[in-house]
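S.K.:
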Amino acid sequence: MKPLARVTGIKFSPRLPKDAVISVNSFRDILAESRKNANMVAEAAVVYYDTEDLEPAILSVEDAVERSSFFEVPSFFQPKQVGDFSKGMAEVDHKILSARIPLRSQYYFFMENQSALAILDEDNCMVIYSLMQCPEFLHGTVARCPRIPEHNIRVIMRRVGGGFGGKSVRSMPVATACAVAAPKLNRLVRTYLNRKADMILAGGRHPMKITYNVEFKSNGKITTLHLDVLFNAGFSTDINPIMAQNMVGDLKKYN
Numbered sequence: 084m085k086p087l088a089r090v091t092g093i094k095f096s097p098r099l100p101k102d103a104v105i106s107v108n109s110f111r112d113i114l115a116e117s118r119k120n121a122n123m124v125a126e127a128a129v130v131y132y133d134t135e136d137l138e139p140a141i142l143s144v145e146d147a148v149e150r151s152s153f154f155e156v157p158s159f160f161q162p163k164q165v166g167d168f169s170k171g172m173a174e175v176d177h178k179i180l181s182a183r184i185p186l187r188s189q190y191y192f193f194m195e196n197q198s199a200l201a202i203l204d205e206d207n208c209m210v211i212y213s214l215m216q217c218p219e220f221l222h223g224t225v226a227r228c229p230r231i232p233e234h235n236i237r238v239i240m241r242r243v244g245g246g247f248g249g250k251s252v253r254s255m256p257v258a259t260a261c262a263v264a265a266p267k268l269n270r271l272v273r274t275y276l277n278r279k280a281d282m283i284l285a286g287g288r289h290p291m292k293i294t295y296n297v298e299f300k301s302n303g304k305i306t307t308l309h310l311d312v313l314f315n316a317g318f319s320t321d322i323n324p325i326m327a328q329n330m331v332g333d334l335k336k337y338n
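Each number in our numbering comes from the position in the sequence shown (counting from 1) with 83 added on.
Right, dumping it as structure tokens:
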């Protein structure tokens, strides 16, 4: 696969058993009676790409800066200065200027793979079972897909073993796939990702490139800290707009 290539066509092997598949929404969404059949059909897909006149891929934060490729952060998510910067500079004894810290990405490795179940109910209602951290976000997202009013959708989640981000938003594509397919087939639909697909979808934590200036007293107390942080946000907005605000929010806890 080539970055930025355009999909021009999809074909499936003619040797597939006729009863192997119920419906094909795309080469990414195969509906079948069993996971085995769904995987078999997906692996038999041949995808054709147009690779003419493609722009160079952006593969690092340095590439993104050079080409001015940034996601806009809404004003209500933009971090605010904490404390009195001028006062902190007046109390300084020592300085460290233009120091750099590169942080690599980390993968979430949860024991339960992403999965979801959509069940149709009477009076244009739907029940969604999902392994997730943020049912309120999933609720609104699912409602927009099959165009069922939010008050007609019930989202159920069991206790999760740990809430550290792995199932905050990446559970949504899994659940929405079920929500779209269930009304189409008029039956319950379940999605369960294998470990490979789960790790590809996970994305992981943001790689960062941090440049900072810090000033502190002789007793070690920090008086001022200025951060320039480049987040490798990947190709989609996802939860990127809140990352800077969350980082500054953690710094407020110092003293």
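We put the beta carbon where it would ideally sit given N, CA and C, even for glycine. Remember, predicted model here, so these are calculated numbers, not experimental data.
1) How would you write the range of the alpha helix (DSSP H) that His-222 sits in, first residue to last?
2) Give every residue of the same chain whose Cβ lies closer than 7 Å to the Cβ of Pro-266, excluding the five residues on either side of it in the sequence, and list them in chain order.
3) At which residues does the beta strand (DSSP E) containing Val-312 begin and terminate?
4) Taking Arg-341 as the reference, which of Ser-213, Val-331, Asn-296 and Phe-314 has the closest Cα?
5) Compare the beta carbon distance of Gln-197 and Leu-142 with 8 Å and say whether it is the shorter of the two.
6) Between the C-alpha atoms of Val-252 and Ala-285, what's the straight-line distance to the nearest angstrom?
7) State the CB to CB distance for the pair Lys-310 and Ile-293, rounded to an integer number of angstroms; the pair is presumed to be in contact (CB under 8 Å).
8) Quick check on this structure: which residue in Ile-211, Leu-114, Leu-87 and Ile-239 has the alpha carbon closest to the alpha carbon of Glu-135?
9) Got a sec? Which residues, its chain only, sit under 6 Å from Glu-195 by beta carbon, not counting five neighbours each side?
10) Under 8 Å between C-beta atoms, does Gln-161 make it to chain B?
11) Please say whether Pro-324 and Phe-168 have beta carbons closer to each other than 8 Å?
M.R.: Let me spell this out:
1) For His-222, the enclosing alpha helix (DSSP H) has its first and last residue at 218-227.
2) Leu-203 and Pro-229
3) 305-314
4) Residue 341 cannot be examined here, being either before or after the span of the chain that is shown, 84 to 338.
5) When the beta-carbon positions are compared, Gln-197 and Leu-142 stay at least 8 Å from each other.
6) 9 Å
7) This sequence places Leu at residue 310; Lys is not what is there. Yes, Leu-310 and Ile-293 are in contact; Cβ-Cβ is about 6 Å, under 8 Å.
8) Leu-87
9) Leu-214
10) Absent from the structure: chain B. Only one protein chain is present.
11) no
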